[in-house]
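Participant: Sharing a structure, written as structure tokens. Questions coming.
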Amino acid sequence: MKLATLRDGSRDGRLLVVRRDGEVGAPAPERWPTLQRAL
Numbered sequence: 000m001k002l003a004t005l006r007d008g009s010r011d012g013r014l015l016v017v018r019r020d021g022e023v024g025a026p027a028p029e030r031w032p033t034l035q036r037a038l
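At position 33 of the sequence shown (counting the first as 1) the number is 32 in this note's numbering, and the numbers step up by one without a gap.
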């Protein structure tokens, strides 16, 4: 699993959870909208 940020026009972007090979990603749960909040 990797974490990535999707640029969405906001200051911090949207947190994504990405498969190790980078082929598939999905938005993180609403509880952690950004990487900063997840950490």
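Ideal Cβ positions, reconstructed from N, Cα and C, are used throughout, including at glycine.
Because the structure is a prediction, the values reported are computed rather than measured.
In angstroms with no decimal places, state the Cα-to-Cα distance between residue 12 and residue 6.
Facilitator: About 5 Å.
Participant: Report the rounded CA-to-CA distance for residue 18 versus residue 27, giving the unit in angstroms.
Facilitator: 12 Å
Participant: Since residue 36 is in the alpha helix (DSSP H), which residue starts that stretch and which ends it?
Facilitator: 34 to 37
Participant: What does the Cβ neighbour count give for residue 14, buried or exposed, with the cut at 16 atoms within 10 Å?
Facilitator: Buried, because 16 or more other Cβ atoms sit within 10 Å of the Cβ of residue 14.
Participant: When the Cα of residue 16 is compared with those of 36, 10, 0 and 35, which residue comes out closest?
Facilitator: 0
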